[in-house]
Amino acid sequence: MKALGVSTILLCGAVLFSSCSSMNNTAKGGIIGGGSGAILGGLIGKAAGNAGVGAIIGTAVGAGAGVLIGNHMDKVKKQAEQVQNAKVEEVKDNNGLTAVKCTFDSGILFNTGKADLSSAAKSSLNDFAQNVLNKNTDVDVSIQGYTDNQGWKNSTAAESTEKNLDLSRQRAQAVETYLKSCGVQGTQIKETKGFGEQNPVQDNSTEEGRKQNRRVEIYMYASKQMIESAQAGTLK
-1 MKALGVSTIL LCGAVLFSSC SSMNNTAKGG IIGGGSGAIL GGLIGKAAGN AGVGAIIGTA
59 VGAGAGVLIG NHMDKVKKQA EQVQNAKVEE VKDNNGLTAV KCTFDSGILF NTGKADLSSA
119 AKSSLNDFAQ NVLNKNTDVD VSIQGYTDNQ GWKNSTAAES TEKNLDLSRQ RAQAVETYLK
179 SCGVQGTQIK ETKGFGEQNP VQDNSTEEGR KQNRRVEIYM YASKQMIESA QAGTLK
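In terms of this note's numbering, the sequence shown opens at residue -1 and continues consecutively.
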């Protein structure tokens, strides 16, 4: 019965969200925020493979608060879309609330096998810091680094996997450090992680696919402060 219940929830969620493709974040926020919607949204997000960002608040966010958060994240997304070299997408956080994912591929950010930021990367990240994060201090941030699955010279497969994991951590940390140098407050960045070869977004058997898998993802999602403001009806 328990397994059936979860399956039913996910099936209902799939039907619900298949009809939402043309909605903006404000409308989606109202649906997700109502009743048990936050829990449902979290389940759907995990089933769809989202990164699991955001501290689970433990209670459903009301419909009105969901609308306000969706509207606010619409604005954040539009600002992020103006940043050069950033691929911007809507995702869901652990509470089923609208979040924003910005992907910077490592072909722009780093030289192969390195964790030193290029001049182009610094320009894009400075723009991102000044015109997105520093203007939206009520969003929390998660930084996640990834690599392709290519091996390292004179290393076993296991050693290469570990080296790629370490490299992804160094790259994510390099992004965090630079964002802080651009004025982003350390308290806004809630986590910085490296995942190495995990979660590829393209086929590692092609050069183009490997390039897209070498990436840093920055997630922006509702902070506790934003959720509380939305619940109080004061979030703009």
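Heads up, the beta-carbon is just placed ideally off N, CA and C, and yes, glycines get one too.
- Going by DSSP, A97 is part of the beta strand (DSSP E) stretching over 96 to 103.
- Under the 8 Å Cβ criterion, the stretch 187 to 200 counts as touching the stretch 211 to 218, having at least three qualifying pairs.
- Burial state of S140 is buried, judged by a 10 Å Cβ sphere holding 16 or more other Cβ atoms.
- DSSP, read as helix, strand or coil, puts I106 in helix.
- F126 and A118 have their alpha carbons spaced roughly 12 Å apart.
- DSSP places Q77 inside the alpha helix (DSSP H), whose first and last residues are 61 to 78.
- With respect to the C-alpha of D114, the residue from I187, V173, L233, T190 having the closest C-alpha is V173.
- For I225, the enclosing alpha helix (DSSP H) begins and ends at 222 to 230.
- For D91, the closest alpha carbon among the candidates G64, L107, L123, D201 is that of G64.
- Collapsing the DSSP output to three states places D136 in coil.
- In this structure, T145 sits near L165, with a CB-CB distance shorter than 9 Å.
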